[in-house]
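Visitor: Taken in sequence, the protein lines are chains A and B.
Letter by letter, the first sequence follows residues 1 to 160 of our numbering.
Letter by letter, the second sequence follows residues 161 to 664 of our numbering.
Input: one structure, supplied below.
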Amino acid sequence: MVIKRIHMEVLVACLLALGGVAVAGGSLELGVGWTDSGPDAGYFPFYVGLLLAIAGFANAIWTVILHRGETEIFIDSEQARRLLSFLLPMTAFVIVTLLLGLYVGAALYLFYVAWRQGKYNPFWAAGLGIGFAISLFVVFDTLFKVPLLKGPLEAFLKIY
Amino acid sequence: MENFGLLMEGFQVVLTPTHLAIMVIGVMLGLVVGVLPGLGAPNGVSLLIPLTFTMDPVSAIILLASMYWGALFGGSTTSILFNIPGEPSSVATTFDGYPMAQKGQSTRALTLAFMSAGIGALVGVVVITLLSTWAAGFALRFGAPEYFSVYFLAFCAFIGMGSSAPLKTIISLLVGLALSTVGMDTITGTLRLTYGLNELMGGVSFLVVVIGLFGIGEILMTVQDGLHFRGVASRIDLRDVFRTIAELPRYWATLLRSSAIGVWMGITPGGPTAASFMSYGVARQWSRPGEPFGKGRPEGIVAPETADHSAGTCAMLPMLALGVPSSATAAVMMGGLMIWGLTPGPMLFATKPDFVWGLIASMYISNIVAVVLVMATVPLFAALLRIPFAVIGPVIVAICFVGAYTVSNATFDLWLVLLFGVIGYVFSKLSYPLAPLVLAMVLGHKAENSFHQSMILSDGSLDVFWSNPLVGSIMTLALLLVIVPQVVKLIARLRNRGTLRSAH
């Protein structure tokens, strides 16, 4: 599967324009006019959103007019595969982090990628993950006194 | 000579063991983020800001600034040894740096890069030293309309002078402005554009956005092409170093010209990346005939490096004196200043002279520290790049998410990083510029406030922006910056069409 750049250009420009519409629409609810104390809360974002919508659609139309028929590739299947094999574990890392805390999430993430994608010995990979989590703890919780997100494991070990 | 005295006081602030240690740490961290692809100066500084909340502002800014210099230097190392620009601003260094290193002259290439970078940075700091009091004094005359006009000028300069398509720069700016309005409005106290999400009440932090756009986005760019580190030998030969330093005066013309380009692009919001490309182009046109460029010509290394660093340092001048950063990293630093409770702008010079001059003095020292450290650690950082990506990639990702979490201890920010990572990737691939988005996010509130106040002054009439010569000329200059390049392009296109037709 190959995505052409021109399709992506038009899609992104339209999405941005829709974002502009959403911003302008959201601002309309706040009032975009003039009050006794100056412009209303929605005044500034309304015009920003409006301009964004115009610029986005203009860019989409401009791209279609100027670059129609161009065959430059945005992403090919090989690149998409590489990208996904990186993005999916990263998304899993975020979900696991929300459930189990940043330390466990980071350790599992490093372990998984080093083991499955780096083809390392699982023990070595586990050591890497745990070592990284411990150094995070030392730097953030201990040295800089910036507590990171903790989960059930830390609660069990009574680390706060 | 008043500035000189102030600078000496700045040196007194900076020349303490603690601050020197902070500089060394900052430069080393900067080198790490500069060397690793996926970690760059803007998001390196973003990652560090939450750790500076408890530090005193002078130490904090020295740490962040040293990191910036380190990152600028580190980016050149990988450009030359691996043909991988560690920073966008060191792309131009790969053109001649890597070929020279391939010929077995890696020490010469690295020394040329670091020495000219150091010279560029020093020129930049000298300019800041000479101009800052004057610029701050000038800015003291500013009222709300003038401030808005300066922000407007910064936005317009990006549109007119940036290398991306103007329409895409405008979109990028508008997205940044829109993001800056999310959350509690400081003027009216109403919640804006939260669409019922409680997590958005506090607004979208620009630090989180920078970490996503620059950190995750850049690493996704690296991943999609697979990683091929084909490094050249990275041993440093001391004799070669001194031989190259002796060779340097020969390039005085390139050094001067490139510093001037860098200073100009640094003060006006062109940024280091544009400066290095422009300087490389100018050097190619103006240099005496000799070896062709692109095959390891020394001027091809000296020119972009000098301009890159003088622009990087000069970007601090408008940030400090006017509160208008001219590069993405300076924008992030300015956001940091505001988080520490300092207001960048002319009043900073009056109320916090030790902070301002401490920073300026530290720029002299930490750039020298950086030149020495970067030379000494080349083999170390070259080894860093030989760590397999399956290890270093996830480490970078985890650090980005940890950094985003520490901004405000909000788990929602983790999703935002992921979202902006994908946006950053798509934007880079479609060549939407990212720096204007960051600049607009940082300046959004200030631009809106000054616009608001101007509108109150004038009762809603835009005439206020042409009400006196100062604000009028800034506004006119801003509009010219947008219009003139487009007209020039149009004329060039029409001419080309003419010649094509006559050729038929």
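C-beta: ideal position from N, C-alpha, C; glycine also.
Can the beta-carbon of F242 (chain B) be found less than 8 Å from the beta-carbon of L545 (chain B)?
Guide: Yes, the Cβ-Cβ distance between F242 (chain B) and L545 (chain B) is below 8 Å.
Visitor: Is the stretch 301 to 319 of chain B touching the stretch 602 to 618 of chain B in the sense that three or more CB pairs, one from each, lie closer than 8 Å?
Guide: Touching, yes.
Visitor: Quick one: residues in its chain with C-beta nearer than 8 Å to the C-beta of L594 (chain B), no 5 flanking neighbours on either side, listed in chain order?
Guide: The residues are S332, L373, F374, G377, A488, G584, F587 and S588.
Visitor: Mind reading off the beta-carbon distance from I461 (chain B) to L272 (chain B)? Whole number of angstroms is fine, and I expect it under 8 Å.
Guide: Contact flag correct, Cβ pair sits at about 5 Å.
Visitor: Which residue comes first and which comes last in the alpha helix (DSSP H) that contains I75 (chain A)?
Guide: Premise fails: I75 (chain A) lies in the beta strand (DSSP E), I73 to I75, not in any alpha helix (DSSP H).
Visitor: So, with DSSP's three-state summary, where would you put L351 (chain B)?
Guide: Reduced to three states, the DSSP call for L351 (chain B) is strand.
Visitor: Name, in chain order, the residues that DSSP records as bridge partners for I3 (chain A).
Guide: According to DSSP, I3 (chain A) bridges with A:I75.
Visitor: Would you mind stating whether L291 (chain B) and L477 (chain B) have Cβ atoms separated by less than 8 Å?
Guide: Closer than 8 Å, so yes.
Visitor: Going by beta-carbon coordinates alone, are P554 (chain B) and L110 (chain A) separated by less than 8 Å?
Guide: Contact flag set, yes.
Visitor: Within its chain, find whatever has a CB closer than 6 Å to the CB of A638 (chain B); leave out the 5 residues flanking it on each side and keep chain order.
Guide: Here the set comprises F312, L313 and C316.
Visitor: Could you tell me whether the Cβ of L100 (chain A) comes closer than 8 Å to any Cβ of chain B?
Guide: L100 (chain A) does not count as touching chain B.
Visitor: Would you tell me roughly how many angstroms separate the C-alpha atoms of L367 (chain B) and W124 (chain A), rounded to the nearest one?
Guide: Distance between the alpha carbons of L367 (chain B) and W124 (chain A) is about 34 Å.
Visitor: Can you pull the chain A neighbours of T350 (chain B), defined as C-beta to C-beta under 7 Å?
Guide: Within 7 Å Cβ-Cβ: L30 and A41.
Visitor: Cα-Cα, which of B:A600, B:P409, B:L416 and B:Y524 is closest to G286 (chain B)?
Guide: Note that residue 286 (chain B) is Val in the sequence shown, not Gly. The residue with the shortest Cα to Cα distance from V286 (chain B) is B:Y524.
Visitor: Answer yes or no: does any C-beta atom of chain B fall closer than 8 Å to that of A155 (chain A)?
Guide: For A155 (chain A), the answer is no, since every Cβ of chain B falls outside 8 Å of its Cβ.
Visitor: Which whole-angstrom value is the C-beta distance of Y228 (chain B) and V251 (chain B), which I expect to be below 8 Å?
Guide: Between V251 (chain B) and Y228 (chain B) the Cβ distance is about 18 Å, and since that is not below 8 Å, they are no contact.
Visitor: Where does T35 (chain A) sit, in a helix, a strand or coil, going by DSSP?
Guide: Correct three-state label for T35 (chain A): strand.
Visitor: So the candidates are B:E465, B:A463, B:M493 and B:P210; which of them puts its Cα closest to the Cα of A475 (chain B)?
Guide: Among B:E465, B:A463, B:M493 and B:P210, the Cα nearest to that of A475 (chain B) is on B:M493.
Visitor: Within this structure, are the beta carbons of S439 (chain B) and A463 (chain B) separated by less than 8 Å?
Guide: Yes, the Cβ-Cβ distance between S439 (chain B) and A463 (chain B) is below 8 Å.
Visitor: Output yes or no for whether 8 Å exceeds the beta carbon distance between S418 (chain B) and G280 (chain B).
Guide: In contact: S418 (chain B) and G280 (chain B) (Cβ atoms closer than 8 Å).
Visitor: Name, please, each residue of chain A whose Cβ falls closer than 8 Å to the Cβ of V335 (chain B).
Guide: Going along chain A in sequence order, the residues near V335 (chain B) (Cβ under 8 Å) are L16, G19 and L52.
Visitor: Could you confirm whether any beta carbon from chain B is found closer than 8 Å to the beta carbon of N59 (chain A)?
Guide: At least one chain B Cβ lies under 8 Å of N59 (chain A).
Visitor: Between the alpha carbons of G278 (chain B) and V370 (chain B), how many angstroms are there, rounded?
Guide: Cα-Cα distance, rounded: 27 Å.
Visitor: Taking a Cβ distance cut-off of 9 Å, strictly less, list which residues of the stretch 559 to 578 of chain B are near chain A, in chain order.
Guide: Going along the stretch 559 to 578 of chain B in chain order, one finds I559, F561, V562, Y565, T566, N569, T571, L574, W575, V577 and L578 with a Cβ nearer than 9 Å to chain A.
Visitor: Taking 8 Å as the threshold (beta carbon to beta carbon), is M241 (chain A) in contact with chain B?
Guide: Absent from the model: residue 241 (chain A). The displayed extent of chain A is 1 to 160, so no value can be given.
Visitor: Cβ of L208 (chain B) within 8 Å of Cβ of L223 (chain B)?
Guide: In contact: L208 (chain B) and L223 (chain B) (Cβ atoms closer than 8 Å).
Visitor: In whole angstroms, give me the CA-to-CA distance for T341 (chain B) and T253 (chain B).
Guide: Going by the C-alpha atoms only, they are around 38 Å apart.
Visitor: Who pairs with M344 (chain B) in a beta bridge, going by DSSP?
Guide: M344 (chain B) is bridged to B:L351.
Visitor: Please name the residue in B:T212, B:D619, B:T537 and B:T433 whose C-alpha comes closest to that of F318 (chain B).
Guide: Checked all of B:T212, B:D619, B:T537 and B:T433; the closest Cα to F318 (chain B) is B:T433.
Visitor: Measure from the C-beta of M90 (chain A) to each C-beta in chain B and report whether the shortest distance is under 8 Å.
Guide: So, interface residue.
Visitor: Could you work out which residues of chain B lie near V144 (chain A), taking near to mean beta carbons separated by less than 8 Å?
Guide: The sequence as given places Phe at residue 144 (chain A); Val does not occur at that position. The answer, in chain order, is L211 and T214.
Visitor: For G151 (chain A), which residues in the same chain have their Cβ closer than 7 Å to its Cβ, ignoring the five residues on either side in sequence?
Guide: Counting only Cβ-Cβ distances below 7 Å, and skipping sequence neighbours, we find L99, L100, G101 and V104.
Visitor: May I ask you to list the residues that DSSP assigns as paired with K150 (chain A)?
Guide: Its beta-bridge partners are A:G101.
Visitor: Since P596 (chain B) meets chain A, which of its residues come closer than 7 Å, beta carbon to beta carbon?
Guide: Chain A residues near P596 (chain B): none, gap ~12 Å exceeds 7 Å.
Visitor: Return the CA-CA distance between F453 (chain B) and D256 (chain B), expressed in angstroms with no decimal places.
Guide: So the two alpha carbons sit approximately 7 Å from each other.
Visitor: Can you list, in chain order, the stretches of the alpha helix (DSSP H) that have 4 or more residues and sit fully within the stretch 469 to 511 of chain B?
Guide: Qualifying alpha helix (DSSP H) stretches, in chain order: 476 to 482, 488 to 499 and 506 to 511.
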